[in-house]
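Heads up, the thing below is written out as structure tokens.
Written out as structure tokens, the structure is:
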């Protein structure tokens, strides 16, 4: 019997990947297709972002993918002057939290959007963002 290959798609995510494998590796495939996706529990309907393989509400593992579509409302943001190891070359950058109704999405504001252009409550969209080194992440854009 052949040795099963390790699914390490998640190593492609973000500036620095802190995990090589997860039960939601399809997240990377979705990003490569230009979609930012979360998971929704088929048993109780709870939505999750980042995606989860199991529901913490009803303990079900019946999860279905959904695409983060439309715009979310900017709840809060912060521009970082210091970052963790591996992010030094990205500084400064702005992180934010968007409210999409039944779920929230945490991420980075796209390069080129200045902090002075942001205001609490404004509409932003999450989009897949290919990086120069073959990695991929997602960022928030003005729609």
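Residue numbers (our numbering): 200 to 342. Each residue gets a CB set at the ideal place from its N, CA and C atoms; glycine is no exception.
query	result
Grouping DSSP H, G and I as helix and E and B as strand, with all else coil, what is residue 323?	strand
Around the Cβ of residue 280, are there at least 16 other Cβ atoms within 10 angstroms (buried) or fewer (exposed)?	exposed
At the level of alpha carbons, what is the spacing between residue 287 and residue 244?	39 Å
Decide if the region 291 to 302 is in contact with the region 221 to 230; the criterion is three or more beta carbon pairs, one per stretch, under 8 Å apart.	no
DSSP state of residue 281, grouped into three classes?	coil
Terminal residues of the continuous alpha helix (DSSP H) containing residue 226?	225 to 231
Kindly list the residues whose CB is nearer than 7 Å to the CB of residue 321, restricted to its own chain and excluding five residues on each side of it in sequence; keep chain order.	273
Apart from the five residues just before and just after residue 308, which ones in its own chain have a Cβ nearer than 6 Å to its Cβ?	293, 295, 339
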